[in-house]
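Everything below concerns the one structure shown next.
Residue numbers (the working numbering): 36 to 387.
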């Protein structure tokens, strides 16, 4: 995370992204899927207290829109990314964060929606300037979303909305048009609940509202791409190979969150990218064929296979030994090291 101090000044004001900025329009787009919850059961959750959603005109899915606004439909690019394999060939399944199970990278879809919103704003204010951002600019999206009334920061540091929970993406449209702001969300609704803190297998929460990303499974499996994962964290990672949803799955506010109707976010049964044996069999060409244009491509082959080797070792399945032995000969040092560690977990130690 060495890049954060270098970019601190850039985050101080959105004028670094769009110099004449007067307003930041924040959008939230729900990706919650009940189908995904059936595929990856969560710990039990209680009903949250009843409550209405905070007022915001920028929750992308439920609001009324002008005709043709946000009308582009996501077209899945991959009919079938994984071959038809037996369960033995696939091996145990790893888990993937729910946002990454759709057929399309969310960045692309949200950029299209931002363009539609920008076009609409240009129609209303000819000559105005706009810039859309989806995780790609030095912008404190969550802070601006809170100021726009989209939710409060939960103890798991996620932005939570009473109506749609926390399974949503954020996007921002900066403009030099001065717009009437929404009312900020001032109140937290977490109460005495500590489910997210208690459920984290790597104890990544230093305290409520404070996350040590260096212990977060999402950070380790997605962002830490060029180095091994700390030995003391590997067994706690379980079967996660890309991201982690645990602190959201246990949150009561997600129990009755509405399901997304965006087809690009729906998990597709014919595309199950998580067979660990299959993942560890992929060469670079196979990785590109399977994951180009999807969120999982972000990790690169070496890191994804590293994660798969750790998850396979955590399965405790003796049948994983031949797969890990092959992976221990991989061309990538990152994969070899993780596979060798996995073999040490599964094979009995030699007698002294």
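For every residue, glycine included, the Cβ atom is placed at its ideal position computed from N, Cα and C.
- Per DSSP, the unbroken alpha helix (DSSP H) holding residue 322 starts and ends at 319-326.
- Going by C-alpha positions, residue 241 is about 20 Å away from residue 178.
- Every beta strand (DSSP E) of 3 residues or more that sits fully in the region 156-180 is shown, in chain order, as 165-168.
- Here residue 275 is not near residue 348, since their CB atoms are 8 Å or more apart.
- Inter-segment contact for the region 174-189 and the region 142-155 is absent: fewer than three beta-carbon pairs are separated by less than 8 Å.
- In the pairwise beta carbon analysis, the region 328-345 is classified as touching the region 254-270: at least three pairs are separated by under 8 Å.
- In terms of CA proximity to residue 286, 224 leads the group 311, 320, 224.
- At the C-beta level, residue 278 and residue 316 stay beyond 8 Å of one another.
- Pairing residue 57 with residue 229 gives a Cβ-Cβ distance that is not under 8 Å.
- For residue 349, the enclosing alpha helix (DSSP H) covers residues 335-349.
- Here DSSP, grouped into helix, strand and coil, assigns residue 189 to coil.
- A residue is called buried when at least 16 other Cβ atoms come within 10 angstroms of its Cβ; residue 291 does not meet this threshold and is exposed.
- A residue is called buried when at least 16 other Cβ atoms come within 10 angstroms of its Cβ; residue 377 meets this threshold and is buried.
- Per DSSP, residue 60 lies in no alpha helix (DSSP H); the unbroken beta strand (DSSP E) holding it starts and ends at 58-65.
- Per the DSSP secondary-structure output, residue 275 pairs in a beta bridge with 130.
- With distances taken between CA atoms, residue 219 lies nearest to 196 out of 356, 312, 196, 208.
- At a Cβ-Cβ threshold of 8 Å, residue 299 and residue 180 do not count as neighbours.
- Distance from residue 130 to residue 309 at the Cβ level is roughly 7 Å; contact confirmed, criterion being Cβ atoms closer than 8 Å.
- With respect to the C-alpha of residue 68, the residue from 280, 246, 360, 216 having the closest C-alpha is 280.
- Cβ atoms of residue 149 and residue 206 come within 8 Å of each other, at about 6 Å.
- Distance from residue 250 to residue 238 at the Cβ level is roughly 7 Å; contact confirmed, criterion being Cβ atoms closer than 8 Å.
- Taking C-beta atoms under 8 Å as the contact rule, residue 381 and residue 355 qualify, at a distance of about 6 Å.
- The beta carbons of residue 183 and residue 61 sit about 4 Å from each other, so the pair counts as a contact at 8 Å.
- Here residue 133 is buried. Its C-beta has 16 or more other C-beta atoms within 10 Å.
- Ranked by how close their Cα comes to the Cα of residue 282, the residues 154, 350, 171, 231 have 231 in first place.
- Residue 162 is classed as exposed because its beta carbon has fewer than 16 other beta carbons within 10 Å across all chains shown.
- Counted as a single uninterrupted DSSP element, the beta strand (DSSP E) harbouring residue 205 occupies residues 203-210.
- DSSP places residue 195 in the strand class (E or B) of the three-state scheme.
- Contact between residue 126 and residue 358 holds: their C-beta atoms lie close to 7 Å from each other, under 8 Å.
- Its Cα nearest to that of residue 383, the residue 352 stands out among 243, 352, 364, 329.
- Taken atom to atom, the span from the alpha-carbon of residue 313 to that of residue 367 is near 17 Å.
- Ranked by Cα distance from residue 203, the first of 296, 245, 212, 166 is 296.
- Cβ-Cβ separation between residue 55 and residue 174: approximately 15 Å, too far for a contact (criterion under 8 Å).
- Distances from the CA of residue 198 to each of 208, 288, 147 were compared; the closest alpha carbon is that of 288.
- Residue 242: member of the beta strand (DSSP E) spanning 240-242, first to last residue.
- In this structure, the alpha-carbon of residue 185 lies about 19 Å from that of residue 213.
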